[in-house]
Amino acid sequence: MKRNYINNSVLCIALLLLVLPLFAADMNNSGAAFIRMGIGGRVLAMGEAGAAITDDIGSVYWNPAGLAHLRDFEVGTTYNFGLDFDRTHTFAAFGTRLPLGTVAFSWVNAAVSDIEGYVDADTPTGTFSDSEHSLALSYSNYIGRLSFGVTPKIYLSTIDGETEQGYGLDAGLKLDLGRYLQLGAMFRDITSEYAEDKVPWQVSAGLAANPLGGITLAAEVKMEQDEKPYPCLGAEYWTAIGKDPEADSKLTVTKVSEKSSWEDALANLETGIRLGYSNERLSAGTGFRFRNLQLDYVFRLNRHDLFADDHIISMILRF
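Using the working numbering, the letters of the sequence shown map in sequence onto residues 4 to 322.
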């Protein structure tokens with residue numbers, strides 16, 4: 004019975020991978036490019052191979068099905084401080100476990116300031132700014148070992164005081180094959196439209212393995228509309244500094260209200276290192292996590308000489 008259930012779940016994921024791109028056959032790749040920049044130091048350092056490994060608040064972006072693994076309440080944020088040309092990229096989210104599933108709200112923002120405007124080549128009009136937002140509400144739950152999630156989104160764009168809007172829809176599946184192996188599939192912008200542009204769909208399918216305590220290996224294939232598929236590979240290793248007898252490769256969360264002080268909540272320190280590769284980009288990062296706090300950093304090479312390399316930090320609080 005268990006084998007039939009797992010086989011049926013894998014078949015469902017495979018069929019969705021084949022069918023969903025057909026819904027967006029008439030789109031182009033020009034809309035909401037900022038939403039594909041990625042969030043969260045951990046997954047970015049692991050080559051963006053997040054469909055199977057994500058199990059925290061960052062799941063709102065990488066695979067909403069991962070939100071089913073939230074223990075209680077989480078808050079997360081990401082900031083890229085390596086961007087040049089007056090650009091910024093920010094992410095914030097919070098989510099909580101409820102009796103009927105997990106609910107989360109997220110915000111992604113990309114902005115450019117001090118853009119010089121011209122009527123023609125010789126007539127400047129001053130400076131203006133461009134700010135783009137994604138506001139999303141996610142829901143996730145599980146049936147047996149199969150978890151699922153959906154994320155409807157609103158896109159907003161403000162350029163020189165003029166505002167336009169659009170919409171998007173993400174969906175994801177995760178299958179837990181035991182302690183050592185997970186499968187995941189993520190479908191970004193299944194149906195989306197942004198201002199006058201269509202938003203390209205993106206499909207990701209991957210697996211995560213935990214061969215030894217503290218070690219996670221991830222492999223994934225991504226495909227974006229009208230583009231060739233490409234691999235994403237990542238690895239991480241966690242080791243304990245302050246020993247927690249309950250800790251292994253997955254974080255054990257304790258409510259702050261159950262601890263006697265913040266000093267206890269910040270005990271049981273673990274540190275990790277990560278490496279990744281995705282679409283001709285190498286990345287490396289590190290992280291520190293306590294019972295209720297996780298801090299991550301990633302350095303990511305840029306493919307284009309025009310732009311600087313990325314330096315990204317992220318934080319997760321667990322209550």
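Even for Gly, the Cβ is constructed at its ideal location relative to N, Cα and C.
Bounds of the alpha helix (DSSP H) holding Ser62 are 62 to 65. Glu135 is the residue among Asp179, Leu186, Glu135 whose C-alpha sits nearest the C-alpha of Glu167.
Selection Ala35, Asp313, Phe84 evaluated against Gly171 yields Ala35 as nearest (Cα-Cα).
In this structure, the straight-line span from the alpha carbon of Arg306 to that of Asp59 is close to 29 Å.
Contact between Thr81 and Ile42 is confirmed by a C-beta separation of about 4 Å, below the 8 Å threshold. Spatial neighbours of Gly53 in its own chain (CB-CB distance under 6 Å, excluding positions within 5 residues in sequence) are listed in chain order as Val46, Trp65. Residue environment for Ser109: buried (at least 16 other C-beta atoms within 10 angstroms of its C-beta).
Sequence-distant partners of Leu159 (beyond 5 residues in either direction) whose C-beta falls short of 6 Å from its own C-beta, in its chain, are His136, Gln168.
Under the 8 Å Cβ criterion, the stretch 69 to 79 does not count as touching the stretch 216 to 229, having fewer than three qualifying pairs.
For Gly175, there is no enclosing alpha helix (DSSP H); the residue is found in the beta strand (DSSP E) stretching over 165 to 179.
Each of Arg39, Met318, Ser286, Asn295 was checked against the Cα of Asn112, and the nearest Cα belongs to Arg39. Excluding its 5 nearest sequence neighbours in each direction, Ala212 has C-beta neighbours in its own chain below 7 Å: Tyr183, Leu184, Leu220, listed in chain order. CA-to-CA, the gap between Thr289 and Trp241 works out to about 9 Å. In this structure, Ala48 lies away from Ala243, with their beta-carbon atoms at least 9 Å apart. Counting only the Cα atoms, Glu77 lies some 20 Å from Pro155.
The beta carbon of Ala238 sits closer than 8 Å to those of Met49, Ile218, Thr219, Leu220, Ala221, Arg277, Leu278, Gly279, all from its chain and outside the five residues before and after it, given in chain order.
Cβ contact annotation for Tyr300 (same chain, cutoff 6 Å, sequence separation greater than five): Gly44, Gly288, Thr289, Ile316, in chain order. Taking the Cα positions, Gly79 is about 5 Å away from Ala96. Taking the CA atoms as reference points, Ile162 sits about 23 Å from Asp192. Spatial neighbours of Ser62 in its own chain (CB-CB distance under 6 Å, excluding positions within 5 residues in sequence) are listed in chain order as Gly69, Leu70. Leu47: member of the alpha helix (DSSP H) spanning 44 to 48, first to last residue. Under the 10 Å beta carbon count, Ala311 is surrounded by fewer than 16 other beta carbons and is classified as exposed. Here Gln205 has Arg191, Glu227 as same chain residues with Cβ atoms under 6 Å from its own Cβ, once five neighbours each way along the sequence are excluded. Counting every other CB atom within 10 Å of its CB across the protein chains shown gives Leu86 a total of 16 or more, marking it as buried. Taking C-beta atoms as the reference points, Ser143 and Thr99 fail to come closer than 9 Å. For Ile157, the closest of Leu304, Asp173, Ala55, Ala188 by C-alpha to C-alpha distance is Asp173.
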